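Residue numbers (the UniProt record's numbering), protein chains in the order written: chain A, 1 to 339; chain B, 1 to 673; chain C, 1 to 377. Backbone N, C-alpha and C fix where the C-beta goes; we use that ideal spot for every residue, glycine too. Keep in mind it's a predicted model, so treat the numbers as computed, not measured. Some notes on the structure that comes next.
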Amino acid sequence: MKLKATIFASIAAGALAATSALAETELTVYTAVEAEDLARYAEKFNEGNPDIKINWVRDSTGIITAKLLAERDNPQADVIWGLAATSLLLLKSEGMLEAYAPAGVEKLDPKFVDGDNPPAWVGMDAWVASVCYNTVEAEKAGLTPPTSWKDLTDPQYAGHVIMPNPNSSGTGFLDVSSWLQMFGEEGGWEYMDALHENIARYTHSGSKPCKLAAAGEIPIGISFAFRGAKSKAAGAPLEIIVPSEGVGWDMEATAIVAGTANLEAAQTLVDFTVTKEANEMYNSGYAVVAYPGVAKPVEHFPDGLLDAMIDNDFEFAANNRAAILKEWQSRYDGKSEAK
Amino acid sequence: MTVPLTHTSRMPAGPVVKGKLSRDDLIMRGGMMVIALYLVVTLALPLYAMLSKSFSTYRFELANYEFQVSDESGEFEGTILRASDLNASTGAYTATELSAGSDGRLGVTNFFPEFSFRSPVKYQIRNTVEDGRFLVGSTLHDGTEWVTLDSNTFRRVQLRPTKSTGVDNFVNYFSTPALFNSIKNSLWISVVSTIVTVTLAFWFAYALNRSCMRFKGLFRLIAMAPILVPSLLPGIALVYLFGNQGMLKELLFGASIYGPIGIVIGSIFFTFPHAFLIISTALAISDARLYEAATSLRATPWRTFWTVTIPGARYGLISAAFVVFNLVITDFGLPKVIGGQFNVLAVDIYKQVIGQQNFEMGAVVSVVLVVPAIFAFAIDRLVQSKQVAQLSARSVPYQPNPNPRTDRIFLIYCSLIGLFIVGLLAVCQFAALIKFWPYDLSLSLSNYQFDKMDGGGWGSYFNSIKLGLLTAVAGTSIVFFGAYLVEKSNGFKMGRSLFQMFAMLPMAIPGMVLGLAYIFFFNNPNNPLNPLYGTMAILVICSVTHFYTVSHLTAVTALKQMDREFESVSASLKQPTMKLFSRVTVPVCLPSVLDISIYLFVNAMTTVSAVVFLYSPKTTLASIAVLNMDDAGDIAPAAAMGMMIFYTNAAARLLHLLASKGVLQRTQAWRNR
Amino acid sequence: MTQTNPSGEPYLSIENLWKAFGTFLALKDISLEIIEGEFVCFLGPSGCGKTTLLRAIAGLDLQTKGRVLQDGKDVSNLPPSERDFGIVFQSYALFPNLTIEKNIAFGLENTGRKKPEIAARVNELLQLVGLPEQGKKYPAQLSGGQQQRIALARAIATNPGLLLLDEPLSALDAKVRVHLRHEIKELQRKLGVTTVMVTHDQEEALSMADRIVVMNQGVIEQVGTPTEIYRDPTTLFVADFIGEMNQINAVAGTSGRIKIGEAEMISRPHNFAAGTPIIAAIRPEDVIPHGDDALSPGLTDEISTQENAFEVTVDEMEFLGSFWRCRLASKRFGDTELIADFSINAVRRLELGEGKQMMIELPDDRLMAFDRNEATQ
């Protein structure tokens with residue numbers, strides 16, 4: 001089957017080449033990767049594959065996911081490169097992903113690969129929850145640094161903690177889902193009930209809590225490590241705390257959209273995304289990547305982050321997402337203005 | 001000789017004379033149809049798509065699933081169990097639990113009370129219809145063949161809902177306190193903001209119209225400044241002033257600016273010019289003779305105020321109140337930035353759609369939001385039509401007399417309002433220039449390096465200018481031409497009144513709702529207009545439609561002042577109407593045409609709500625960048641971009657002023673004798 | 001109804017025209033013929049349908065039923081642009097942003113004329129309306145009367161077969177109006193263009209028109225020359241609307257006789273059956289005053305019809321410049337007072353004064369009888 005397709009494709013390619021010497025395939029690639037990184041990714045890919053042109057469609061995770069779901073019956077994308085695995089699981093459960101085992105996938109950390117065979121998606125790198133702690137403001141307020149999630153429910157932090165709203169932020173959801181996995185369903189909600197008492201407010205985006213912590217607006221922001229490292233590099237008096245119970249995480253991943261007209265080129269691209277070379281490229285922004293042994297430490301990243309990552313059950317997260325969000329909303333969103 | 005005349009006073013039966021349509025009539029009707037069609041496609045159809053989306057529900061159709069259970073050795077004896085029957089016997093799920101969102105999941109183990117994931121029993125499951133769907137783990141099964149699973153895997157089976165129609169979404173909405181509380185919140189902040197803004201604006205307008213204080217021109221200019229910035233900019237300024245690191249934090253005595261307080265203060269800022277303009281107009285037309293009468297009757301100033309001033313301005317006050325109410329309740333940017341945990345309808349739409357991809361619930365909230373908006377709009381229209389009647393009476397304009405004491409009080413009052421407006425803008429500008437508030441107070445331009453932030457960088461700024469210009473050009477052409485056709489074409493009464501209605505509708509539709517409706521309509525792959533989605537064109541279309549009504553009314557007012565007989569004269573001279581339009585109508589109405597353009601430009605530059613769902617990575621906008629940078633916590637760059645919008649709009653205003661003057665001098669020499 | 005048609009083929013024929021606005025009938029069964037070169041005025045109070053009729057002729061507001069024929073061609077359903085007329089409105093409707101020249105040239109463009117030709121025609125027209133030096137000015141720089149002349153020039157620029165004037169003079173002040181009346185009439189005569197003018201001003205109609213069409217409540221009351229309309233009104237409405245008219249309740253006698261109170265008088269011949277309640281009408285200036293000696297035969301002041309002479313008391317006198325308006329009381333009329341206009345001469349000769357008794361005569365050929373039902377309508 002595969003062979004046939006290849007033969008057909010090469011005949012087609014040959015025919016095309018005959019009519020136009022500059023024949024190249026264009027791939028529409030949806031992504032939530034930071035815009036500044038995209039050019040670099042494409043450049044690197046084109047070094048080896050000059051005949052495939054990438055047309056990026058970039059937006060935030062929520063919007064790209066919404067866009068893909070909205071286009072379910074008429075997909076515009078060929079490949080998704082760099083979208084949260086939780087989102088890809090949603091797409092998978094809609095039957096929107098083309099299962100494909102990229103060449104060399106076996107070299108990746110299995111944590112980063114979809115459980116099915118062939119996998120529907122393959123991970124690239126992980127972003128990991130962390131707590132951004134503004135040392136200057138905390139000292140002013142007389143706070144002691146927390147070391148665990150449970151610490152954050154201490155009354156001394158009342159009004160000094162800020163976290164993203166899981167209803168609008170992927171980071172917020174990964175926190176909630178990790179607490180439910182670590183503390184159990186009941187324990188998780190009990191924990192959040194207690195934490196809610198200390199939360200100043202819930203933000204819409206996942207990076208905002210850390211930036212607000214960096215700006216001293218709220219001393220403790222539940223966010224992700226990468227954001228914290230960036231703000232720290234920018235000169236903010238931050239300490240990035242990895243809670244001792246373990247931290248939730250999500251990964252950026254790659255998948256082929258089912259029904260793509262450019263399957264051959266799409267597979268070529270996905271093959272590239274799992275290479276060591278590609279993983280080295282991801283490492284410039286992310287401390288944790290799918291290819292074992294590649295990651296070099298990133299400046300200002302907290303130590304022990306990799307070990308603290310919980311054994312995240314993405315299927316649990318995806319299949320219970322609607323119910324979790326509904327529960328969260330009725331517990332904390334409805335009550336909030338009564339404070 | 002004198003014969004009494006008898007006239008038959010009943011018209012004979014038979015056909016009515018049907019006029020032959022001239023080429024001009026055909027052109028004008030054709031044009032009107034095209035523009036009406038434009039409004040149908042860009043307004044009516046999207047709204048319809050949204051409405052039907054709000055009634056599109058997802059349910060678990062248990063009748064569509066069948067199971068078989070094996071014995072301990074894994075042998076199936078063949079009894080087929082239907083999920084609906086199982087649910088009836090076990091009572092696992094109630095009817096409400098079976099209604100779900102598009103991303104709903106339903107576990108199946110509850111149907112089998114004796115289920116244990118360690119048991120050697122095997123299970124089979126299948127769909128009985130082709131479009132049935134269930135998941136094993138995260139893998140979708142939509143065929144009708146049996147799938148055999150061991151107990152441990154069977155607990156990973158999740159049913160998926162199928163699409164149907166009904167009021168479930170609304171039931172769901174009103175049974176979720178977190179959601180419908182927003183109605184109360186929205187109404188509450190809108191009413192409070194309306195009362196405060198109208199009161200403040202009234203005294204400001206009163207001072208400008210009825211006192212002899214100094215610097216009136218300057219105050220008028222300041223009062224109009226907030227129109228030039230996105231509604232979320234005051235929110236950013238308030239964060240710097242009253243946030244936890246705020247410069248004036250102590251003034252709030254521990255209350256938090258994040259919430260209703262912030263929304264109300266910001267709303268006062270951005271609705272002030274609208275209220276001021278309307279009330280100022282109402283005060284300007286009142287009759288001096290009434291005041292003379294009051295003085296001659298020795299009425300106290302206080303009594304005169306209540307018996308003459310307030311009744312005279314009442315239509316202006318009511319109209320201003322409803323305009324402000326509508327602006328606040330439909331605004332999205334400000335509560336997004338400063339609302340904190342205080343949920344309002346407009347932000348709920350955003351959270352449902354962007355945060356949860358729950359388009360159906362977004363549509364439901366939109367429908368809920370449209371109700372008060374349409375209500376406020378209808379009352380405003382009613383009042384406006386009354387005010388026109390009042391205007392037509394000839395009256396003597398009031399000339400205030402100097403009164404040093406009250407003039408001083410008014411000067412102080414206006415200075416305070418002016419300080420509030422200029423202050424918030426200045427804070428934004430100041431914040432934009434600070435390197436890292438509050439830790440590094442050195443001045444720097446680093447916050448202007450938008451390319452390093454979310455939101456599309458400098459490209460979004462230039463996109464905004466492009467959008468503003470395109471909206472101004474396309475919008476002015478469409479709106480003015482449409483208004484001309486509807487005002488000046490002959491006959492075709494039904495079509496014309498229908499067109500008028502369509503032209504009024506956009507004002508009642510909140511931007512968020514319009515934007516969301518556009519997603520449903522244009523992002524439908526079966527729609528031939530689908531390629532527009534994600535382009536600059538759809539942003540232009542959306543902006544033109546969103547701001548259609550005010551532009552249309554401006555055009556109609558200008559056209560009504562034109563001699564009604566121009567078209568008759570032109571026809572009698574056998575000249576095409578389009579020649580009249582281009583040679584006479586447009587040049588004479590040029591001031592209004594320019595007014596419409598600048599209105600569209602400024603609004604396209606500042607709008608957030610209508611376009612937040614529609615921009616694409618290639619068409620990011622400055623106003624959206626403000627929102628997104630704030631969202632990402634880059635508040636200083638957000639302030640910087642907001643001020644860029646302010647300066648651009650101010651420059652555009654200035655340019656408009658100069659252009660108007662120049663154009664008037666060159667082409668409208670006839671105005672000056 | 002009598003219709004005095006001057007000889008000649010009709011240029012414009014209106015046949016059984018109806019115009020309905022919802023249930024309101026603005027024109028009811030109007031038929032009219034206008035011959036070439038004629039100046040016709042539509043005269044009537046506001047709301048009588050005269051403007052509606054003009055706009056139907058122009059095709060600006062189409063009639064509901066009926067036909068309009070112009071120059072032998074049925075134009076009933078044609079749009080204005082396919083008819084042949086020029087029009088001047090009360091508002092002038094000059095294009096404010098175009099110079100006078102360009103206003104006049106507006107209709108000359110796109111007609112195959114070359115630029116110099118157009119310029120020459122514009123100059124000719126400016127000469128014609130007596131404003132040769134004003135071509136470069138804008139309308140707002142001219143006076144109202146000048147603007148109206150420019151509007152006229154623009155309307156006739158393309159030599160239309162029909163000139164329609166819709167209250168062209170009513171926006172002007174009295175002096176200018178009188179002056180322009182002559183000019184327009186002069187111009188019309190010079191050009192020989194068939195002209196229809198709508199006016200509510202009877203003086204204007206009487207002084208300008210060849211024929212007047214008096215309209216009321218959507219119907220034509222009378223068509224005739226100004227003298228006919230004035231001297232021989234066929235309906236009480238026309239009699240009342242144009243000039244002054246005394247109206248006295250009376251009863252018809254046998255032909256040529258009417259009874260006012262107890263007295264029988266000789267009137268113009270009429271067709272009312274004896275005993276029918278009627279209105280007797282006479283114009284104030286037609287009342288003949290007589291001195292005390294009028295009863296003696298042989299004097300110049302002789303009474304010609306004895307039956308129509310009777311004694312009255314001068315109740316009130318009002319000096320109106322060229323004549324005296326007197327209110328005369330008589331037992332015969334009960335409470336109604338008769339109004340009579342007497343020349344200054346007659347008043348001096350007869351030494352008339354308030355309270356004085358005198359003799360008057362209602363000449364039989366000026367005493368008219370109208371249907372009383374019409375008055376109560």
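In the DSSP secondary-structure assignment, P79/C is not bridged to any residue. For A555/B, no Cβ of chain C is located within less than 8 Å of the residue's own Cβ.
Fully enclosed beta strand (DSSP E) runs of no fewer than 3 residues occupy 162-166 and 194-199 of the segment 153-209 of chain C, in order along the chain.
Uninterrupted beta strand (DSSP E) stretches at least 3 residues long and entirely within the segment 28-87 of chain A occur at 52-58 and 79-84, given in chain order.
Shortest Cα-Cα distance from A99/A to any of L263/A, E280/A and F173/A involves L263/A.
D440/B: member of the beta strand (DSSP E) spanning D440 to L443, first to last residue.
By the neighbour-count definition (other C-beta atoms within 10 Å, threshold 16), M197/C is a buried residue.
Excluding its 5 nearest sequence neighbours in each direction, D73/A has no C-beta neighbour in its own chain below 7 Å. If you check the CB distance, N343/B and S182/B come in under 8 Å. Annotation: V129/C is outside any beta strand (DSSP E) and is labelled neither H nor E by DSSP. Within chain C, no residue has its beta carbon less than 7 Å from that of V171/B; the closest one is some 48 Å off. Within chain C, no residue has its CB atom less than 8 Å from the CB of M536/B, the nearest being about 35 Å off. With distances taken between CA atoms, T304/B lies nearest to A288/B out of A288/B, Q245/B and S319/B. Where R201/A is concerned, the enclosing beta strand (DSSP E) starts and stops at I199 to T203. Interface residue (Cβ-Cβ distance to chain C less than 8 Å): S568/B is classified as such. Nearest to N524/B by alpha-carbon distance, out of Y291/A, D116/A and P75/A, is P75/A. In the three-state reduction of the DSSP assignment, H196/A falls in the helix class. Secondary structure note for H552/B: its alpha helix (DSSP H) is the uninterrupted segment Y548 to K560.
In the DSSP assignment, R211/C falls within the unbroken beta strand (DSSP E) covering R211 to N216.
In this structure G642/B is in contact with C428/B, their Cβ atoms being roughly 6 Å apart against a cut-off of 8 Å. Among the residues of chain A, none has a CB under 8 Å from the CB of L277/B; the nearest is roughly 33 Å distant.
Residue state for W179/A is assigned as helix, using DSSP reduced to three classes. The contact set of N523/B on chain A, defined by CB atoms closer than 9 Å, consists of K67, A70 and E71 in chain order. Listed in chain order, the non-local C-beta contacts of T153/A below 8 Å within the same chain comprise Y191, A194, L195, E197 and N198, local neighbours out to five positions each way being set aside. Sequence-distant Cβ neighbours of V588/B in its own chain, meaning closer than 7 Å and more than five residues away, are M562. Only exposed fits P132/C, as fewer than 16 other CB atoms lie within 10 angstroms of its CB. In the DSSP annotation of this structure, the continuous segment of the beta strand (DSSP E) that includes T162/B starts and ends at T162 to T165.
When beta bridges are read from the DSSP output, D150/B appears opposite K122/B.
When C-alpha distances from W121/A are compared across R220/B, I349/B, A346/B and T139/B, the shortest belongs to T139/B. Contact between S444/B and K452/B does not hold, since the beta-carbon distance rounds to 13 Å and is not under 8 Å. S76, N77, L78, P79, P80, S81, E82, F85, G86, I87, F89 and S91: these are the residues of the segment 68-91 of chain C whose beta carbon lies less than 7 Å from some beta carbon of chain B, given in chain order. Per the coordinates, the alpha-carbon of G44/C lies some 20 Å from the alpha-carbon of E15/C. The distance from the Cβ of I150/C to that of P168/C is about 12 Å, inconsistent with a contact at the 8 Å cut-off. For the 8 Å CB-CB criterion, L580/B and E567/B form a contact. Using a CB distance below 8 Å, the part of the segment 135-160 of chain B facing chain A consists of L135, G137, S138, T139, L140, D142, R156, Q158 and R160, ordered along the chain.
For K65/C, at least one C-beta of chain B is nearer than 8 Å to its own C-beta.
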